[in-house]
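As you go down the protein sequences, you meet chains A and B in turn. Numbered according to numbering that gives the first Met the number 0, the first sequence spans residues 0 to 472. Numbered according to numbering that gives the first Met the number 0, the second sequence spans residues 0 to 186. Quick reminder that beta carbons are idealized off the backbone N, C-alpha and C, glycines included.
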Amino acid sequence: MSYNKKHVSVTLPGVRGLSSSSGPRVCIVGGGPAGFYTAQQLLKVGDAAVDVYERLPVPFGLVRFGVAPDHPEVKNVINTFTQTAQHERCSFHGNVNVGKDVTIDELRQAYHAVVLSYGAEGNRSMGISGEDLPGVFSAKDFVGWYNGLPSNKELRPDLSCETAVILGQGNVALDVARILLAPVEMLKETDITQNALEALAGSKVRRVLIVGRRGPLQIACTIKELREMVNLPNTRADMLPADFEGIAEALKDLPRPRKRLTELMMKAAKEGGDDKAEKCWGFRFFRSPVEVIAGADGKRATGIRLALNKLEGSGESARAEVTGQLEDVDCGLIISSIGYKSIPIDPAVPFDPRRAIVPNEMGRVQDTAGLYCSGWVKRGPTGVIATTMNDSFDTARVLIQDMEAGKLDLSVNKPGAQAITALLQTRGVRTVLFSHWEKINAEEEKRGKFLGKPREKLLDVDEMLKILGRLLI
Amino acid sequence: MAASAAVRSAVSLTQRFVRVSPDCSICPLYRLNACTGATDGFTAPSRRLRTSIGVWQSGDSSSPEEEERVVNVVYIDRCGQRIPVQARAGENALHLAHKHGVDLEGACEASLACSTLCHVYVSSEHYEKLPEPEEREDDMLDMAPMLQENSRLGCQIVLTPELDGMELTLPKVTRNFYVDGHVPKPH
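Shown next, in the form of structure tokens:
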């Protein structure tokens, strides 16, 4: 593919990607891992110009707001995303709420293709009474709180109770448990927010139960996270021997990963740990939440009622069946970690409410030419960054195939960011560019240095915009 | 319990938090493979978290004679294509792959955090010669699809002269699903 002219149009200072107008223009909605990995692949193969739109002024999605503060190495991917954003054919547009500030149809008019990579900002609810009482939080909000997500900055969880119960046993549940019980000396050197750090420093939580519907062989967390729980200083493991009946016998037939995980769990259950430890944690299996118990004044959670289950079948497909037995656990903090959930972004986009994803075939949105999706909004909210990476590469490949097969009309000239930014300006929306994020980044690192942390995240969108001040269009 | 105390010293929360991975990807020295191992401004826990730089520091590979020793490695990519590569002792198999355009990912920059994008199969006679994987590598390997007896993470393989002739085969899939039906859903 050869092109003869490069148009140099400098209509808006600092907005890259306008000069090479000869390739296709692609818009990506969502500046998290899915968005950036899709962009990366599109930029690598071919000559597309890629614009990434993000609702917050800051990029990186769950890498910034989901990965636990004590897992900094997982955030190394940010370096890759930064390189992508700085590519001459890529531009980042933050502080743009797609669906509200600009519609999907408007984006589709301005670009040859639009990729939805906006992830899962909602959460599955337990569907039990008392779920909305003070003291009950979704893991998504709790994690957002300690990771500085602006919409969770007022969460103010009350940590004055002794026992916390977490529903769900995936890696997010274990992250929450670990952050609740970790020594403050360790946390204070991470990028956890200062207000969360102070709250945790004053926390009275000493016991965390991590509850799952099924048994030890169905647990969804991975061994790395389990090992971190086992190794937590000044804590001991406290589990119920009854939950482990029959497990030792099943070990020999398990595939290696499940076997190692189960062995570690059994070891923790058996050895317990230092009896003098002030804090404890444990799994509770075969239990489903049925009701949040309110205190005498009915104003906050003071316990949770659990139904005891038995298992039908075995292995991954084993099902929990009710037995009719119930058990009440006193606790003042309840965190439900049973899954994130995507929500519809725009009425023009098909959405499957049952699976909570955008219906698609290999990343091509159903019945909508030129519209694609990648990441959690495409597959559902599970998997690690690596899974999303592979998935995003798949969508990019499919998009490129479609471009090469003539399924998208590339002969039509599309204005891309030029048109959208102009439109946003008329609507009073101030776009934050990647170079602006770099200023916010520098400010956060500066504030962090003062506190002995890698960064102190800005919690307020208005504050971020204020810092950028005159720089913003 | 002394044993558990020893175990407890092993993981993230028990160690002083430090930046464990310098941003090597943007350093011109690293790109030219002229990096001899960053020492200033980079501190790492003494044992567990092995980034490629950590490996430089902990290995014997920083002596000038070793650095000049050639190690021949063959990558076999996902299409079965053989890519012979000449490396120097002390180099890391993941970075070597990148240098030669071999499609081995390393999202976490060799810090055992990205769950196995750099998973490779090592030719059996050379597999024996590699040092045993650390527990953390084993934990990561558990998440690798199509795990085999000779599976290792490329980011943890440091080339030594006795590995000359080693063949590293990239598994045909990198997606995190298991052929045996086990489908973990971690995040």
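query, result
"DSSP on A:Asp327, reduced to helix/strand/coil?", "strand"
"Would B:Leu116 count as contacting chain A if we go by Cβ distances under 7 Å?", "yes"
"With a threshold of 8 Å, are at least 3 pairs of Cβ atoms found where one atom belongs to the segment 125-142 of chain B and the other to the segment 216-231 of chain A?", "yes"
"Any C-beta of chain A within less than 9 Å: which residues of the segment 137-160 of chain B qualify?", "Asp137, Asp138, Met139, Leu140, Asp141, Met142, Ala143 and Leu146"
"Per DSSP, which one or two residues make a beta bridge with B:Asn91?", "B:Val157"
"So, A:Val431 versus A:Asn146, is the Cβ gap smaller than 7 Å?", "no"
"For B:Cys113, return the contacting residues in chain A, with the cut-off set at a CB-CB distance below 9 Å.", "Glu72, Val73, Asn75, Val76, Val383, Ile384, Ala385 and Met388"
"Pull the bridge partners of A:Ser287 from the DSSP assignment, please.", "A:Ala306"
"Would A:Lys298 count as contacting chain B if we go by Cβ distances under 7 Å?", "no"
"Excluding sequence positions up to five away, which residues of its chain have a Cβ less than 7 Å from the Cβ of B:Arg151?", "Val119, Val121, Leu129 and Pro132"
"Report the option in A:Gln217, A:Met185 and A:Asn151 whose CA atom is closest to the CA atom of A:Gly167.", "A:Gln217"
"According to DSSP, is A:Gln108 helix, strand or coil?", "helix"
"Under the three-state reduction of DSSP, which class applies to A:Pro149: helix, strand or coil?", "helix"
"Could you give the distance in angstroms between the alpha-carbon of A:Pro71 and the alpha-carbon of A:Val376?", "25 Å"
"Indicate whether A:Ile209 and A:Ile165 have their beta-carbon atoms separated by less than 7 Å.", "yes"
"Hey, is B:Ala92's beta-carbon within less than 7 Å of any beta-carbon in chain A?", "no"
"Along chain A, in chain order, which residues have C-beta atoms closer than 8 Å to that of B:Cys107?", "Glu72, Val73, Asn75 and Val76"
"What separation, rounded to the nearest whole angstrom, lies between the Cα atoms of B:Glu108 and A:Arg123?", "33 Å"
"Any idea which residues DSSP pairs A:Gly93 with across the strands?", "A:Val431"
"At the level of alpha carbons, what is the spacing between A:Val14 and A:Ser90?", "With a pLDDT of only 48 at A:Val14, under the threshold of 50, the placement of this residue in the model should not be trusted, and no figure is reported."
"Roughly how many angstroms separate the alpha carbons of A:Ile399 and A:Asp345, rounded to a whole number?", "25 Å"
"Under a Cβ-count criterion, where at least 16 other Cβ atoms within 10 Å of its own Cβ denotes burial, should A:Thr322 be classed as buried or exposed?", "exposed"
"Could you tell me which residues DSSP pairs with A:Arg235 in its beta bridges?", "A:Cys279"
"Count the other C-beta atoms from every protein chain shown that fall within 10 angstroms of the C-beta of A:Leu325, then say buried if there are 16 or more, exposed otherwise.", "exposed"
"Any idea which residues DSSP pairs B:Pro83 with across the strands?", "B:Val73"
"When the Cα atoms are used, what is the spatial distance from A:Lys43 to A:Met361?", "20 Å"
"By alpha-carbon positions, which one of A:Ala355, A:Asp366, A:Leu370 and A:Asp393 ends up nearest to A:Pro380?", "A:Ala355"
"Residues of chain B with CB closer than 8 Å to the CB of A:Lys223, please, in chain order.", "Arg135, Asp138 and Met139"
"Using three-state DSSP, classify A:Gly118 as helix, strand or coil.", "coil"
"Compute the Euclidean distance between the alpha carbons of B:Arg30 and A:Arg206, then round it to the nearest angstrom.", "Because the pLDDT at B:Arg30 is just 47, under 50, the model does not fix this residue reliably, and the value given afterwards should be weighed accordingly. About 48 Å."
"If you draw a straight line from the alpha carbon of A:Arg429 to that of B:Val73, how long is it in whole angstroms?", "52 Å"
"Any C-beta of chain B sitting closer than 7 Å to the C-beta of A:Pro352?", "no"
"Return helix, strand or coil for B:Pro21, following the three-state DSSP convention.", "Reliability fails at B:Pro21, whose pLDDT of 48 lies under 50, so the model's placement of it is uncertain and the value that follows must be treated cautiously. The answer is coil: DSSP assigns B:Pro21 none of H, G, I, E or B."
"When we look at the beta-carbon of A:Asp296 and count the other beta-carbons within 10 Å, is it buried (16 or more) or exposed?", "exposed"
"So what's B:His125 in DSSP terms, helix, strand or just coil?", "helix"
"What is the C-beta distance between A:Val51 and A:Phe35, in whole angstroms, given that I count them as a contact (C-beta under 8 Å)?", "7 Å"
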